[in-house]
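Asker:
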Amino acid sequence: MILLLYRCRSGRCITTPIGINTMGKTPRKIAEFLQLANPAQYTGHCFRRSSVSHLANSGSDLVTIKRHGGWKSSAVAEGYIETSVQRKVEVAGTLAQASKSSSSLHGILAQGCTSTHVESAVPSAGIKVNTHDGAVTVKVYNNCTFNYADKDEI
48 MILLLYRCRS GRCITTPIGI NTMGKTPRKI AEFLQLANPA QYTGHCFRRS SVSHLANSGS
108 DLVTIKRHGG WKSSAVAEGY IETSVQRKVE VAGTLAQASK SSSSLHGILA QGCTSTHVES
168 AVPSAGIKVN THDGAVTVKV YNNCTFNYAD KDEI
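All residue numbers for the sequence shown refer to our numbering, where the first residue is 48 and numbers rise by one.
Given below as structure tokens:
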């Protein structure tokens, strides 16, 4: 049994243990209260997925996540993890910092494109991600091979 702080019936709330079945019905009741579509689809299983995602997004290692979920397989544990938008922005910020501080990436040559320099190649629209240090725009270049070279070699 899980001990929660309150259980309310007939307008009266008391401290009492709540069993696994009552706990499993809670997401459905919340979905009904919020008037979400298909509230029956919200089961106790969402607690498992949410808790694992929160652990992962707060920096817990895979061993901790596997123990929490009772999994032996890393692949199964990773399947339960939903990456938050905040975590995606943090990763984009880390990649942006790495590219700014890298001394070996002074210049970029693109071969197989209509242009010899990446700055003038035509990319796709791109995705802009705002971080606390600024903004990072991710663009996709199709049918190009990128060769990284020192600035003096270009």
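Ideal placement from N, C-alpha and C gives every residue a C-beta, glycine not left out.
So is G159 buried or exposed if we call it buried at 16+ other beta carbons inside 10 Å?
Answerer: With a pLDDT of only 40 at G159, under the threshold of 50, the placement of this residue in the model should not be trusted, and no figure is reported.
Asker: Taking the alpha-carbon positions, what's the F80 to R59 distance?
Answerer: Going from the Cα of F80 to the Cα of R59 covers about 19 Å.
Asker: How would you label L83, buried or exposed, when you count the other beta carbons within 10 angstroms and need 16 or more for buried?
Answerer: Looking at its Cβ environment, which holds fewer than 16 other Cβ atoms inside 10 Å, L83 is exposed.
Asker: Alpha carbon to alpha carbon, what distance is there between R96 and L109?
Answerer: So the alpha carbons of these two residues sit roughly 14 Å apart.
Asker: So what does DSSP say about G140, is it helix, strand or coil?
Answerer: Here G140 sits in helix by DSSP.
Asker: Alpha carbon to alpha carbon, what distance is there between K113 and A124?
Answerer: Using only the alpha carbons, I get a separation of about 6 Å.
Asker: Please report the straight-line C-alpha distance between K76 and A122, rounded to a whole angstrom.
Answerer: Between K76 and A122, the C-alpha separation is close to 31 Å.
Asker: Out of V138, G91, A78, state which residue places its alpha-carbon closest to the alpha-carbon of S105.
Answerer: With distances taken between Cα atoms, S105 lies closest to V138.
Asker: Compare the Cα-Cα distances from G71 to each of L142, H92, A143 and report the closest residue.
Answerer: For G71, the nearest C-alpha among the options comes from H92.
Asker: What's the gap between the Cα of P86 and the Cα of H101?
Answerer: Spanning the two alpha carbons is a distance of roughly 23 Å.
Asker: Quick check: the Cα distance between F94 and S120, rounded to an integer number of angstroms?
Answerer: Approximately 20 Å, taken between the alpha carbons.
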